[in-house]
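Each residue of the sequence shown is one higher than the last, beginning at 1325 in the numbering used here.
Every residue gets a Cβ at the ideal spot worked out from N, C-alpha and C, and that includes glycine.
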Amino acid sequence: MARRSQFFLGLATAAVFILLEIAAIALLKSSAALQDVWVNRFSHNVSAVFWKGLTQTRDYFSLREQNDILAGRNYALFKELQQYKELAAIAGARSLLDSAKLEPRFNYIPAEIASMGTNSRHNFIVLNKGAADGVTPYSAVITPQGVVGIINSVDRKYSYALSFLNERVSVSARLGKEGLVAPLQWDGTGTDHAILSNIPSQLDIVPGDTVRTSGISSVYPADIPLGVTTGSRLIDGAVHVVDVKLFQDFAKLRYVIIAENPDRKTIEELEQ
1325 MARRSQFFLG LATAAVFILL EIAAIALLKS SAALQDVWVN RFSHNVSAVF WKGLTQTRDY
1385 FSLREQNDIL AGRNYALFKE LQQYKELAAI AGARSLLDSA KLEPRFNYIP AEIASMGTNS
1445 RHNFIVLNKG AADGVTPYSA VITPQGVVGI INSVDRKYSY ALSFLNERVS VSARLGKEGL
1505 VAPLQWDGTG TDHAILSNIP SQLDIVPGDT VRTSGISSVY PADIPLGVTT GSRLIDGAVH
1565 VVDVKLFQDF AKLRYVIIAE NPDRKTIEEL EQ
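See below:
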């Protein structure tokens, strides 16, 4: 009984305190014009902070949806452009009517990175697409900004790729639009640098030249921009090693495109 009395007494005290606070604010507001301005300004500031926080929270939770929509649009545009370039390359001098009967060389599958390593010399990427989505081993992992890696193994729902930031990965690249073809590899130092090796010493290397995928590989689509040359150095007086700054920012990488060549096995068997 004593506890109940204490409870009601505390409740009544709290109610009286709240009523007194409301009355004090009302008196303060009505006492002077300056105080009225102060109270209104305080209430407006509180409202502004509240709505700002609410807006930021709403924007934060909608950011994922906006990013997904943007990634989908980028994928659709890249796929359309890449298939157009493939058809144009295959058609060559054929008529437009014949070109319409041709099929693109690669199938493109959008994917999202589930896990990625960037802190070793043997970095990897796990993607959220697998065999059920049409992914096969030795498919390329790319973006409009460059090569990301190559699929190594495939599960039903996921696939495991060797990152371009892996000393085991090499990409056939072309120096300039119609220039020399040479292997491009990560230089092992930073996430945005690579090297073109085996460049003949007599070739004039111009800083700022764009490096693209060559298209002679059965794995990587042609003419994907990879980076720009920043300089070169002579090795043993015989060949150049060309430094390349990559376009792809691996630190911000999240959405990728898997390029799968249905004829890869047939091409490789013929090459052998």
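- For a cut-off of 8 Å, the C-beta gap from V1505 to T1534 is around 14 Å, too long to register as a contact.
- Taking C-beta atoms under 8 Å as the contact rule, T1467 and V1580 qualify, at a distance of about 6 Å.
- If you ignore the 5 residues before and after I1548, its C-beta comes within less than 7 Å of the C-beta of I1466, G1470, V1471, R1536 and T1537, all in its own chain and listed in chain order.
- At the C-beta level, P1545 and A1583 come within 8 Å of one another.
- Remark: C-beta atoms of A1438 and V1450 approach each other more closely than 8 Å.
- Rounded to the nearest whole angstrom, the CA to CA distance from L1570 to S1541 is 20 Å.
- Here DSSP, grouped into helix, strand and coil, assigns T1590 to helix.
- In this structure, the straight-line span from the alpha carbon of A1485 to that of V1493 is close to 10 Å.
- The C-alpha of Q1596 lies about 14 Å from the C-alpha of D1587.
- Beta-bridge pairing by DSSP links A1435 to V1580.
- Sequence-distant Cβ neighbours of G1500 in its own chain, meaning closer than 6 Å and more than five residues away, are D1533.
- The three-state secondary structure of A1506, taken from DSSP, is strand.
- The beta carbon of S1477 sits closer than 8 Å to the beta carbons of P1461, S1483 and Y1484 from its chain, once the five residues preceding and following it are set aside; these are given in chain order.
- Put simply, of N1585, E1592, I1591 and L1594 the residue whose alpha carbon is nearest the alpha carbon of P1428 is N1585.
- Per DSSP, the continuous beta strand (DSSP E) segment holding Y1484 begins and ends at S1483 to N1490.
- L1558 is classed as exposed because its beta carbon has fewer than 16 other beta carbons within 10 Å across all chains shown.
- In the three-state reduction of the DSSP assignment, A1464 falls in the strand class, which pools E and B.
- Exposure of L1594 is indicated by the presence of fewer than 16 other C-beta atoms within 10 angstroms of its C-beta.
- The C-alpha of N1522 is placed about 14 Å away from the C-alpha of G1555.
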